[in-house]
């Protein structure tokens, strides 16, 4: 027997088994009135109301519906409602400039655009055949409560469920087509490896637009887990909600957990969630010091994953194993900084050029209307991640050494910027660091560190360089250090190094020497 695996499976189970249990607690502080705290039964009713509304608009199966929103219960509902009706959801990064949002709406061919009220004015010139502002307007003019929606005519696990646009580290973002099968396998595998269960409480710290919240909205619903919505990241507010709602599981980038660590320093009383909370980290390789501080100062379990939008995103998973308990704390943290072991059903290998290649049921169908880019990415039946890395011959764990294009080649030696960043971050005065290659007449390019100091801390350039030389090969140490107020990141926590390098390479024929 073969039954199509679709997103509907997760909500069907939530409604069947947890209809009267706590479902979604919306963000309170937002421009639009929040959706009242709901059970999964009420959540399912609202999902059907969205679907009936799209039916009334005449939106056909296969049409795209774009949503630009901060985390909210309404966005969570649409992640279910749109794909479950055979349509395609396009969650858009709310931090993008209006012209970038306009490009995504046009490139995806979205016939419906739903906009967060906070973004309405900025996106006034971005439109589609139907445009709505999320909130009371959509409940009055679009949603159809009490109307049974038209069922998906032929549920198909290989149909595109969402188009998620890459974070734009290249000139134009590409639309990643994730199928119902991709999302289903990713969600269930994520639940397996995080040991999710019915007594968890999940908080949406990660932006839901990013790879559909890494698939967690779906597996949490399938297990009947209450989902707490956090609109904007704030370290102290995360701690407050962990305490208020009994949160046990969260996902986010390293910058999020650094914000929590900063807030914990001023927290009165015991840190909430100690020995109970599990956090999943990805988006950028975390410094070992951050991992150690999470374990020691918060008492939270640190879980590390690696993946990409194109892989839905899960490819690897890393957590402390029983044998690690005897290791010193810094050594345990270093082992956790690795990307991890391939997840169930994932195959990895490293090419002759050092690029990580993957095969998995979570790998995308392709890039929306970009056949050549799709063929390149899936060349040879493997997904080409663009990341350099290596697999540990002893335990099979993957370590990401760098983005291929971010490797610094100085005097013929390859330098991993991630490795140098980790060393510099171990300096107590350093809050953030980005390492890039800049032109050098003799060496072709050389290592430069862009450093943000911790509040109230002081350090000199020579001190940072000496710190690095004490802990790594001399050629890996930066030859210059520039102190900055901040380092720009994407919404997913990634540093766009091509932007950081650009001023130093202006006038050059190419971006490396």
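Numbering (my numbering), first residue to last: 123 to 635. We put the CB at the ideal spot given by N, CA and C, even for glycine. Remember, predicted model here, so these are calculated numbers, not experimental data.
Curious, which full-length beta strand (DSSP E) runs of at least 3 residues does the region 590 to 623 contain? Complete beta strand (DSSP E) runs here, min 3: 602 to 605.
Look at residue 409 and residue 548 and say whether their C-beta atoms are less than 9 Å apart. yes
If you draw a straight line from the C-alpha of residue 307 to the C-alpha of residue 181, how long is it? 28 Å
How should residue 354 be labelled, buried or exposed, when 16 other C-beta atoms within 10 angstroms of its C-beta is the threshold for buried? exposed
Taking buried to mean at least 16 other C-beta atoms within 10 Å of its own C-beta, is residue 488 buried or exposed? buried
For residue 160, the three-state DSSP class (helix, strand or coil): strand
Buried versus exposed call for residue 296 [16 or more other C-beta atoms within 10 Å across all chains shown]: buried
Count the C-beta pairs between the region 228 to 242 and the region 172 to 190 that are closer than 8 Å, then say yes if the count reaches three, no if not. yes
Apart from the five residues on each side of it in sequence, which residues of its chain come closer than 6 Å, Cβ to Cβ, to residue 173? 203, 207 and 271
Span of the alpha helix (DSSP H) holding residue 193? Run containing residue 193: none; DSSP gives neither H nor E here.
Measure the C-alpha to C-alpha separation of residue 539 and residue 285 and round it to an integer number of angstroms. 31 Å
Residue-chain proximity (residue 531, chain C), Cβ-Cβ < 9 Å: Absent here is chain C; the protein component of the structure consists of one chain.
Just how far apart, CA to CA, sit residue 439 and residue 458? 10 Å
Which listed residue (480, 557 and 550) has its alpha carbon closest to that of residue 580: 550
Which residue wins for smallest C-alpha separation from residue 467, given the options 482, 255 and 456? Here the closest residue by C-alpha is 482.
Compute the distance between the beta-carbons of residue 431 and residue 379, then report whether it is under 9 Å. no
Quick check: the Cα distance between residue 546 and residue 428, rounded to an integer number of angstroms? 22 Å
Please tell me whether residue 375 and residue 403 are closer than 9 Å, where the distance is taken between their beta carbons. yes
If I measure Cβ to Cβ from residue 292 and keep anything under 6 Å in the same chain, skipping five residues before and after, which residues do I get? Below a pLDDT of 50, predicted positions are generally treated as unreliable, and residue 292, at 44, falls in that range; no measurement from the model is reported.
What does the alpha-carbon distance come out to for the pair residue 649 and residue 444? In the structure displayed, the chain extends from 123 to 635; residue 649 sits before or after that span and is not available.
Taking its Cβ as the centre, do 16 or more other Cβ atoms sit within 10 Å of residue 341, making it buried, or is it exposed? Buried, since its Cβ has 16 or more Cβ neighbours within 10 Å.
Collapsed DSSP secondary structure at residue 128 in the structure displayed: coil
Report yes or no: do the region 564 to 571 and the region 596 to 603 share at least 3 C-beta pairs separated by less than 8 Å? yes
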